[in-house]
Amino acid sequence: VQLQASGGGSVLAGGSLRLSCAASGSTFGPNAMGWYRQAPGKQRELVAAINRGGSTNYASSVKGRFTISRDNAKDIVYLQMNSLTLEDTAVYYCAAGPFLYGDEWDSWGQGTQVTVSS
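In terms of my numbering, the sequence shown opens at residue 3 and continues consecutively.
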């Protein structure tokens with residue numbers, strides 16, 4: 003599976019951004035798709051994930067602010083990020099794999115930078 007992410011950029015604190023990630027190269031498409039992020043000097047962390055059934059998994063730090071959604075027909079996953087804070091600044095990576103939970107991701111997209119400034 004190949005993943006193509008887009009939608010990063012710079013925004014002021016309190017603003018919003020939407021990330022998109024399109025999956026291709028698979029007949030049936032991945033079951034789970036998600037977003038990870040890695041800030042400078044920090045470990046990569048899960049932001050949110052969603053499976054084909056629409057079940058979701060969010061990091062506690064983004065619950066209520068970020069919304070993950072998915073177009074199963076097109077194998078595109080979206081991450082709507084609202085009320086962004088400086089702590090959300092990171093490189094965001096799209097991932098695809100078989101499971102909603104756990105760390106078994108088969109494919110990774112290129113990172114997209116999200117920069118939140120005051």
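For each residue, glycine too, the CB sits at the ideal point set by N, CA and C.
Report yes if the CB atom of residue i is closer than 8 Å to the CB atom of residue j, and no otherwise.
i	j	result
ALA15	LEU81	no
ALA24	ASP90	no
MET83	ARG20	yes
VAL3	GLY27	yes
GLY9	THR114	yes
ALA51	ALA34	yes
Let me know if residue i comes out buried or exposed under the rule of 16 or more other beta-carbons within 10 Å of its beta-carbon.
i	result
GLY55	exposed
LEU88	exposed
PRO1	With the chain covering 3 to 120 only, the question about residue 1 has no answer from this structure.
GLY99	buried
ALA75	exposed
GLY111	buried
TYR103	exposed
PHE101	exposed
Using the C-alpha atoms, what's the distance from residue j back to residue i?
i	j	result
THR29	SER71	21 Å
VAL64	VAL49	7 Å
LEU5	GLY31	11 Å
GLU47	ALA97	12 Å
SER18	ALA92	14 Å
GLY66	THR58	13 Å
TYR94	ASP73	19 Å
VAL79	ALA61	17 Å
Rounded to the nearest angstrom, how far is the Cβ of residue i from that of residue j, given a contact under 8 Å?
i	j	result
SER119	SER22	Actually they do not touch by this definition, with Cβ atoms about 22 Å apart.
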